[in-house]
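This report refers to the structure that appears directly beneath it.
Protein chains: 2
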Amino acid sequence: MKITILGCYAATPRTLTNPTSQVLEICNRIFLIDCAEGTQVQLRKNKIRFSQINHVFISHLHGDHFYGLVGLISTFMLLNRQTDLHIHGPKGIKEIILLQLKYSNSYTGYNLFFHELTSTESEIIFEDDKVIVRTIPLKHRIYTNGFLFEEKPKERKLNVEAVEKYSIDKCYYQNIKNGKDIILDNGKTISNKELTFDPLPPKKYAYCSDTMYNEEMIPLINEVDALYHEATFLETETEKANKTMHSTALEAATIAKLAKAKQLILGHYSTRYENIEMFKTEAEEVFSNILLADDGKIIELE
Amino acid sequence: MKITILGCYAATPRTLTNPTSQVLEICNRIFLIDCAEGTQVQLRKNKIRFSQINHVFISHLHGDHFYGLVGLISTFMLLNRQTDLHIHGPKGIKEIILLQLKYSNSYTGYNLFFHELTSTESEIIFEDDKVIVRTIPLKHRIYTNGFLFEEKPKERKLNVEAVEKYSIDKCYYQNIKNGKDIILDNGKTISNKELTFDPLPPKKYAYCSDTMYNEEMIPLINEVDALYHEATFLETETEKANKTMHSTALEAATIAKLAKAKQLILGHYSTRYENIEMFKTEAEEVFSNILLADDGKIIELE
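Protein chains in written order, with our numbering: chain A, 10 to 311; chain B, 10 to 311.
Given below as structure tokens:
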């Protein structure tokens, strides 16, 4: 699992920093999470192939999380995209995009599917054979969802030495990988444990931006491998954080601690701060494994 | 008069080039012409003070000319702008912007005035004591206007030596600058010509993008000091130019020649071309004073 931070600053695009967007590579799927103005240039800079993006997840309809989407959709059009594109986001996203396509009299040559979200309960919004994506209801000034990206349990790893020792025919290998025991021709049962190794545990990544401090998300993000949690402010601006329904670095770290996250990634920094290291220092008061997101940073979840 | 090119490439924002936007400084007024994605970052890079922009002119509703507008409006909001902002653009621009502000539940703390255009005849869309702006109806795939920015005739320059020679009281100076003759106490009339010099001739700048070759614009842009005319293609792509209702460099130059423009500025290059010098070479076949627009270029009209 690999996260490429395209932008992780709040509010407005600036000369050297970009508002929110990131790319998640999970089981060879490429998901785009949020899509602020400038995202398509950031995709180019980070050498993400446009054609690989089939699913876009939009957390909420504040501009610093989706103003780049209509441009990206148009660029896909100009690049003669043929594959379907799925947009998962709050109700309204379809109206906004289609209105602009209507006035420009341009329609996509590919299928554009909108999956509009309205539920305030967590729900599964994407599922295939390898990956499952759920919403994480967040508390912000407008309807907002975080997203939990989860690998499905992987098949067990074949113990080649063991299967060869028992001369098991290859046609049984898939059954063995699926966890089945094997009955030999002599009637003896060989337990699956003897024939396989444990697979790598499935990984989970939770993306939570924008949100105020909200313990209700904790059961949903329990023991995630990485939690991206917004930290727009430092504790010195607590009042501002409360008023704008954002979090401080300390609050983000408290959520990570309560959720027993393995790693916390901080982002969505207010542009008022010159030095983002202070976010790490503050968060380390309650949680130790902290990474500061920064534009262009690649985070591999081992 | 000074033009700052923020972006002058067609279609999509790329790592090193930006779609259309430019700033015109005319008689201390700052006008923003078109506003593609990335414009606010380009404004920052080119050190244009956001607060000085009170009028935005949008040629048409293709994304590469206006997708940056909603973000700019939002940024003005975040910067606590108080002054009125006027948007001049095709019908539809208001609906597009207000829909997005509605869903983000954010409203501007400043007055936002939309002046929607629908006429296919040239009309005056802005006028104050120093400047007049008219539309230039263009021929493109959707409703499109170019804009003619014109200084109003300036007051005559006082010939200080002459007024002192006749001991004319200072209270008459403004009348003299306005072109009036003066009757001295002895009854003798002094003609204005003797008391003043000709002012600098008022300047005219015509912005014409996007458009196919269209001689109908010529009377409107006659003898402009500078004509910015789109040249999306070279003559080798004439067929593509016709199909997409764009112009070639040669066609732009032909319009400049027929309109007796003093200078032609080429822009809106298709991103298929690696080297924009070819646009100049082609246009020079019929017109000599050619400037290639490029992102960040500043053009002073002397």
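For glycine and all other residues, C-beta sits at the position ideal for the given N, C-alpha and C.
| query | result |
| --- | --- |
| Tell me which residues share the same chain as A/G101 and place their Cβ nearer than 7 Å to its Cβ, disregarding the 5 neighbours each side in the sequence. | L70 |
| Quick one: list the residues of chain A neighbouring B/K341, beta-carbon separation under 7 Å, in chain order. | Look at the range of chain B in this structure, 10 to 311, and you will see that residue 341 of chain B is not part of it. |
| What residues in its chain sit with their C-beta under 6 Å from that of A/V172, if we drop five residues either side in the sequence? | L204 |
| Quick one: using the 10 Å Cβ neighbour count with 16 as the cut-off for buried, is B/I133 buried or exposed? | exposed |
| Report yes or no: is there a C-beta of chain B within less than 8 Å of the C-beta of A/S60? | no |
| Return helix, strand or coil for A/L108, following the three-state DSSP convention. | helix |
| Which same chain residues end up closer than 7 Å to B/E260 when comparing Cβ atoms and leaving out the 5 residues on each side of it in sequence? | Y222 |
| Excluding the 5 residues flanking A/F123 on each side, which residues of the same chain have their C-beta closer than 7 Å to its C-beta? | I96, I102, K103 |
| Just the C-alpha distance for B/I143 and B/E130, rounded to the nearest angstrom, thanks. | The sequence given here places Arg at residue 143 of chain B; Ile does not occur at that position. Taking the straight line joining both Cα atoms gives about 10 Å. |
| Measure the Cβ-Cβ separation of B/L267 and B/H238 and say whether it is below 8 Å. | no |
| Do the region 113-120 of chain B and the region 159-177 of chain B touch if we need at least three Cβ pairs shorter than 8 Å? | no |
| Against B/Q49, what residues of chain A qualify as contacts under a CB-to-CB distance less than 9 Å, listed in chain order? | T21, P22, R23, E46 |
| At a CB-CB cut-off below 9 Å, which residues of chain A make contact with B/Y76? | E46, Y76, G77, V79, G80, S83, Q109 |
| Tell me which residue opens and which closes the alpha helix (DSSP H) that A/G72 is part of. | 72-75 |
| Less than 6 Å between C-beta atoms, sequence neighbours within five positions excluded: which residues of the same chain meet that for B/T263? | V295 |
| Taking buried to mean at least 16 other C-beta atoms within 10 Å of its own C-beta, is A/T92 buried or exposed? | exposed |
| Which residues mark the beginning and the end of the alpha helix (DSSP H) in which A/K54 is found? | 48-54 |
| For B/Y112, which residues in chain A fall below 7 Å Cβ to Cβ? | L70, G101, I105 |
| Against B/R53, what residues of chain A qualify as contacts under a CB-to-CB distance less than 7 Å, listed in chain order? | R23, T24 |
| Could you check what DSSP says for B/P146 in three-state terms: helix, strand or coil? | strand |
| Could you tell me if A/S200 is buried or exposed, where buried requires 16 or more neighbouring beta carbons within 10 angstroms of its beta carbon? | exposed |
| Could you check what DSSP says for A/K189 in three-state terms: helix, strand or coil? | coil |
| Starting from B/I133 and walking both ways along the beta strand (DSSP E), at which residues does that stretch end? | 133-136 |
| Using a Cβ-Cβ cutoff of less than 7 Å, which residues in the same chain neighbour B/L52 once the five nearest sequence positions on both sides are dropped? | L15, F59 |
| What would DSSP say about A/V233, mapped onto helix, strand or coil? | coil |
| Could you pull the start and end residues of the beta strand (DSSP E) that B/I177 belongs to? | Segment: none, B/I177 is in no beta strand (DSSP E) and carries neither H nor E. |
| Exposed or buried, which one is A/C217 when buried takes at least 16 other CB atoms within 10 Å? | buried |
| Return the Cβ separation of A/A302 and A/C44 in integer angstroms, given the expectation that the two are a contact with Cβ distance under 8 Å. | Incorrect: roughly 16 Å between the Cβ atoms, too far for contact. |
| According to DSSP, A/V140 sits in a beta bridge with which residue or residues? | A/E160 |
| When the Cα atoms are used, what is the spatial distance from B/Y152 to B/M226? | 15 Å |
| Could one say the Cβ of B/I151 lies closer than 8 Å to chain A's Cβ atoms, at least one of them? | yes |
| Compile a chain-ordered list of the residues in the region 214-243 of chain B whose CB is closer than 8 Å to at least one CB of chain A. | none |
| What in chain B is Cβ-close to A/L87, meaning under 8 Å? | A20, T21 |
| Spatial neighbours of B/K163 within its chain, please: CB distance less than 7 Å, with the 5 preceding and 5 following residues excluded, ordered by chain position. | P208, L209, P211 |
| Assuming A/E248 is part of the alpha helix (DSSP H), what are its boundary residues? | 247-253 |
| Given this structure, state the Cα-to-Cα distance separating B/A258 from A/A215, to the nearest angstrom. | 51 Å |
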